[in-house]
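Trainee: Handing you this structure, nothing more for now.
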Amino acid sequence: MKNIFKDSSLEKCIGEACKVYQIEEKDLKYEILEEKNGIFKKKVVIKAQCPPEETKDGKDEKELDKIEIDNNKDKEGNQGTNILENSINHNEKSGKVKVENGNIIVTNPKQDGLPAFIIIDPSMKIIIDGKQAVGKVEVYEESSIEICLEEIPPTRHLDISTTNEKMECYMTLTYSPGNIYALKDSKESNSISLEKILKAQKMPPKYTVEEVKEELSKKGIVYGIMEENIAKYVETDCTNIIIAKGDMPIDDKNDTIEYKFSMDSTLKKLAEDEQGNVDFKSIGSVESVKEGDIIAKKVPGTPGKDGKNILGKVKKHKSGKRIQLRTADGCSLKGGNTVIATIEGKPCVRNNVFYVYKVHEVKTDVDLKTGDVKFVGDILVHGNVKEGMKILSGNSIIIKKQVDRSIIKGKGDIIIDGNIIASEITGGGEDVAKLNYIDDLTKFKDILEKLIGTVEEIKKYNLLGQDKKDGEIIKILIENKFKDIPKMCIKITRDIVLTSDSEGEKTLLPIIKGKLIGLSPINIRHYGELQDIANFLNEKINKVKGELSLPVNVKISYCQDAKINSSGDIIVAGKGQYVSTLVANGGIYFTDIRGIARGGELKAKNEIKCKVVGSIGGVATKLIVEEKGHIWADIAYQNTIFTVGKKEHLLETPSKDIHAYIDNHGELTVDRFVL
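Here the sequence shown is numbered in the UniProt record's numbering, starting from 1 and rising by one per residue.
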């Protein structure tokens, strides 16, 4: 039994404990709880281990209980009986205390007996004779004992939370009971430790549906309240129970088009978005249709409706994309939603305008017997295209077999299933030449603007002297620093001829010849004339861009020593390319896992996606995109050059999972792993 003693010194505490337990100091076990050594007041508090009560012979009560009293025992047994009788007589004189029905009942000691003691737990508040008592305290029948046990009141808590969009509201309820304590009953003894027990618990009043709705109203939640859920859970503990839900807006569904003609699976896959929808701005069929066949149907989208959040605010729905079907040559619109072929031919759609082109079908090889093939519609060749032949189409071209040292040009998509050897393939017709024209005009304008800035710097600081005229300064700069200007003038002249730009021939050529080539820069009186030329070039660029048709795609299987040009994408769906030049105004994509780009140059505006680039032997292969473009390669070998904008990186070790791009700091970054 543990007891607490306090006094002004440790010796006094120990002495008091030894007196209470009737033991010697050396047998006392204790620990110091508190020790204060003030100038005017000293205080020591110890906790002593209460030993079992012993007899004068040192035997405790348990041992005495085991003593068997027998008149036939020897002297030692009779002596033990006497000790027990003396102990009982002594205990009968001591005061007694017990707890019964939560009350402390005290019996005073008889003459020379010890008083009764209670040992108070620190968590209790016991007031004896008007003063709060702590530790071990003497009590008597006449003592005024007041028991003050802490009561924990019952609590309830309602928490209401909403989502960020204010579309849902959740309820969390907790009910905590209140605790009422009483003293634990104990048997009568000279000294007892007071303990408390839980006598009863009291639950708080339950929330009602109306109380919850009132809290919702305070938070402005007035719509979509789920009274059934509130009533079901309001009287129990619950966590995140939905009690209000708004109506999500239902967006209009977009109009869609069901294409009834067969398409190339590779081109279809490249045109799909993340949801699997296909947006064919320019794509054609791989099979012909007959007169009266349905080419496409429009499926009207269903209308949506507005929603409302739990605060009662309307959430607008998104309007759907509506499609207006349009038809051109070879087809007509029936009932507003169906496109019907009016002639036999190959259907295609460009920017939601449907066409059916007559097909010129060559079932044999294209050779000297058939001659060159020229047709305003589609051309379908089932055989090979032999050396030296030309195929020119006003729309798409499909060649089922090989092309050898020939020229293939079409204004629509081009698909060649066989190998291409030492041939020139152009998809997009005149657009390819116009795209080159735009590219050269843009570069020319940029160089002129740099020349203007340099002239301004020279004139500002008189670097060439005050007597130099603007024309002379410009001529010196072209001859020494801007040597690319004469070359660009030659390129622009060639582009004007290739694109049959009669307007450029009348306006742009005289400017180039009269002010920028040879001795003509001397004729410039003021360098501001260069700015006039740059402005004219900008207008010319915009005009040529407006003349462009929709981009078309070129799909090949394998090419060697060839030139492939496309106003859209180039898709390499077979073994790949070998020492060829591929130029695309969109992207270049290798779709077959065996596809190899070995040697040559690949140039695209947007992106290049390759499987394997180069070879173990280190054949030089160049991949080029514009400044905002990206280059990906599964594997690339040494001597592969990655060019993004004006910056390039030479790969020195075989690598895998390569991604080249310009980062946010304007630096060329090549992410890769060493192979």
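We treat Cβ as the ideally placed atom computed from N, Cα and C, and that holds for glycine.
Which runs of the beta strand (DSSP E) spanning at least 3 residues fall entirely within the stretch 120-145, listed in chain order?
Mentor: You should have 125-128, 131-133 and 135-139.
Trainee: Which one or two residues does DSSP pair with T426 in a beta bridge?
Mentor: T426 is bridged to K409 and N565.
Trainee: Tell me whether S8 is buried or exposed, calling it buried when 16 or more other Cβ atoms sit within 10 Å of its Cβ.
Mentor: By the neighbour-count rule (16 or more Cβ atoms within 10 Å), S8 is not buried but exposed.
Trainee: Taking DSSP as the reference, what is the three-state secondary structure of K47?
Mentor: K47 falls in the strand class under three-state DSSP.
Trainee: Going straight from the alpha carbon of G629 to that of L537, what length do you get?
Mentor: Between G629 and L537, the C-alpha separation is close to 25 angstroms.
Trainee: From E291, H382 and Q324, pick the residue whose C-alpha is nearest to that of E344; which is it?
Mentor: Comparing Cα positions, the closest option is E291.
Trainee: Please state whether the Cβ-Cβ distance between D252 and K318 is less than 8 angstroms.
Mentor: The answer is yes: Cβ separation under 8 angstroms.
Trainee: Count the other C-beta atoms from every protein chain shown that fall within 10 angstroms of the C-beta of G427, then say buried if there are 16 or more, exposed otherwise.
Mentor: Burial call: buried.
Trainee: If you scan the stretch 209-256 from start to end, which runs of the beta strand (DSSP E) of 3 or more residues do you find wholly inside it?
Mentor: Taking only runs of at least 3 residues, the beta strand (DSSP E) segments lying wholly in the stretch 209-256 are 238-245.
Trainee: Do K47 and E31 have their C-beta atoms within less than 8 angstroms of each other?
Mentor: Yes, the pair counts as a contact, with Cβ atoms nearer than the cut-off.
Trainee: Pick out whichever of T302, G645 and F673 has its Cα sitting closest to the Cα of residue 702.
Mentor: Any property of residue 702 remains undetermined from this structure, which presents the chain solely from 1 to 675.
Trainee: Please confirm whether I399 and S423 have their CB atoms less than 8 angstroms apart.
Mentor: Their beta carbons are not under 8 angstroms apart, which means I399 does not touch S423 by this criterion.
Trainee: Can the beta-carbon of G599 be found closer than 8 angstroms to that of A620?
Mentor: Cβ distance < 8 angstroms, so G599 and A620 count as in contact.
Trainee: Do K98 and K187 come within 8 angstroms of each other at the CB atom, strictly closer than that value?
Mentor: The answer is yes: Cβ separation under 8 angstroms.
Trainee: Are G528 and P551 close, meaning C-beta to C-beta below 8 angstroms?
Mentor: The answer is no: Cβ separation not under 8 angstroms.
Trainee: At the level of alpha carbons, what is the spacing between I197 and E100?
Mentor: Rounded to whole angstroms, I197 to E100 spans 13 angstroms at the Cα level.
Trainee: Would a C-beta distance cut-off of 8 angstroms place K202 and P154 closer than the cut-off?
Mentor: Their beta carbons are under 8 angstroms apart, which means K202 touches P154 by this criterion.
Trainee: Is it a yes or a no for the stretch 210-230 touching the stretch 295-315, going by three-plus beta-carbon pairs under 8 angstroms?
Mentor: At 8 angstroms Cβ cutoff, the stretches touch.
Trainee: Taking DSSP as the reference, what is the three-state secondary structure of Q638?
Mentor: Looking at Q638 - three-state DSSP - the assignment turns out to be coil, as it is neither helix nor strand.
Trainee: Could you check which residue in C489, E503, G504 and S500 has the C-alpha nearest to that of I512?
Mentor: Among C489, E503, G504 and S500, the Cα nearest to that of I512 belongs to C489.
Trainee: Could you give the first and the last residue of the continuous beta strand (DSSP E) run that contains V349?
Mentor: Where V349 is concerned, the enclosing beta strand (DSSP E) stretches over K346 to R350.
Trainee: Counting only runs of 3+ residues fully inside the stretch 290-339, write out the beta strand (DSSP E) ranges in chain order.
Mentor: With a minimum length of 3 residues, the continuous beta strand (DSSP E) runs that stay inside the stretch 290-339 are 294-299 and 331-334.
Trainee: Sort I147, D671, Y233 and K491 by Cα distance to K131 and report the nearest one.
Mentor: When only C-alpha atoms are compared, the closest one is I147.
Trainee: Short of 6 angstroms in beta carbon distance, which residues of its chain neighbour L10, apart from the five on each side in sequence? Order them along the chain.
Mentor: Within the same chain, L10 has close Cβ partners V44.
Trainee: Measure the Cβ-Cβ separation of Y233 and L173 and say whether it is below 8 angstroms.
Mentor: Yes, these two residues count as a Cβ contact at 8 angstroms.
Trainee: Quick check: what's the CA-CA separation for L392 versus D372?
Mentor: C-alpha separation (whole angstroms): 8 angstroms.
Trainee: I need the boundaries of the beta strand (DSSP E) containing Y175, first residue and last residue.
Mentor: E168 to S176 is the extent of the beta strand (DSSP E) around Y175.
Trainee: Between K563 and K315, what straight-line distance do the alpha-carbon atoms span, to the nearest angstrom?
Mentor: Answer to the nearest angstrom: the Cα atoms are 55 angstroms apart.
Trainee: Identify the continuous beta strand (DSSP E) that holds L380 and give its terminal residues.
Mentor: Residues D378 to V381.
Trainee: In angstroms with no decimal places, state the Cα-to-Cα distance between G377 and P347.
Mentor: So the two alpha carbons sit approximately 11 angstroms from each other.
Trainee: Using 8 angstroms for Cβ pairs, my map puts V134 next to I145. What's the rounded Cβ distance?
Mentor: V134 to I145, Cβ: 14 angstroms. No contact.
Trainee: Considering only their Cβ atoms, is the gap separating I257 from K321 smaller than 8 angstroms?
Mentor: Contact: no.
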